[in-house]
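Everything below concerns the one structure shown next.
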Amino acid sequence: MFGKAGGNASRNSYTCRISLPKTWVDRMGLNPERREVQIAFDGDRITIQQPEGSSIKQAPLADNKRIRAFALVWEQMYRNHANIPFGFFEDMDFIGKGLADLGFVMDCGESVKRAFPGVDVFKDNEAFKRIMDQVDLQTLGNAIFSQWRYWNHWSMGRMEEADFEWFVIAYSRLAELAA
């Protein structure tokens with residue numbers, strides 16, 4: 008349902024009602040009193056995220072023991088991907104929910120891009136390896152979540168061996184950081 012936007016919106020703006028899955032709304036902590044979201048369109052995709060400085064809930068970072076256990080399991084899953092049904096890598100309940108519950112954020116790679124400007128950690132495994140000694144637990148977890156979401160939702164191609172290796176590198180380091 009579209010209509011001309013009112014209030015402080017520009018003259019070229021429209022209001023639009025959209026329906027979102029209840030799990031998304033719950034995860035973002037949205038309710039009638041707290042309904043602010045930031046929607047962005049980059050020419051290819053629309054993203055919905057919490058505004059900067061939002062009071063919308065995010066799970067607190069889990070204890071290192073839980074993070075390490077999760078990382079070790081998924082490191083082995085990606086390492087042995089040829090023997091694992093691909094659905095395990097795509098299903099939100101396995102990886103996405105797990106990462107969110109651990110306190111990581113799918114931020115489209117923004118935190119890692121801010122921490123390492125000019126380094127393409129998502130497409131260059133060698134560059135990714137070079138930052139491993141400098142990356143912190145939260146930033147790496149957010150990067151894993153963002154890269155997983157790229158492959159699970161946005162990518163139209165198939166994962167190549169180097170893409171699986173990226174996750175092996177990432178989960179291995181995440182386990183080390185959580186030790």
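Numbering (the working numbering), first residue to last: 8 to 186. Positions of the beta carbon are idealized from the N, C-alpha and C atoms, including for glycine.
Within the stretch 106–184, the runs of alpha helix (DSSP H) that reach at least 4 residues and sit entirely inside it are, in chain order, 117–122, 132–138, 144–156 and 168–184.
In this chain, residue 93 is not harboured by any beta strand (DSSP E), its DSSP state being neither H nor E. Counted as a single uninterrupted DSSP element, the stretch harbouring residue 69 is not any beta strand (DSSP E), since DSSP gives it neither H nor E.
The continuous beta strand (DSSP E) containing residue 53 extends over residues 53–56.
Apart from sequence neighbours up to five positions away, the residues of its chain that approach residue 66 with a beta-carbon distance below 8 Å are 107, 108, 109 and 110, ordered along the chain.
Here residue 146 is buried: its Cβ has 16 or more other Cβ atoms, across all protein chains shown, within 10 Å. Judged by their CB atoms, residue 178 and residue 82 are nearer to each other than the 9 Å cut-off. Taking C-alpha positions only, residue 103 is separated from residue 24 by approximately 26 Å.
In this structure, the beta-carbon distance from residue 114 to residue 162 does not fall below 9 Å. The stretch 126–138 makes contact with the stretch 159–174: 3 or more CB pairs, one atom from each, lie closer than 8 Å. In the three-state scheme derived from DSSP, where H, G and I count as helix and E and B as strand, residue 76 is classed as helix. Following the DSSP letters along the chain, one finds residue 46 inside the beta strand (DSSP E) bounded by residues 45–48. In this structure, the alpha-carbon of residue 46 lies about 25 Å from that of residue 127.
With a contact defined as Cβ atoms closer than 8 Å, residue 119 and residue 149 qualify at about 7 Å.
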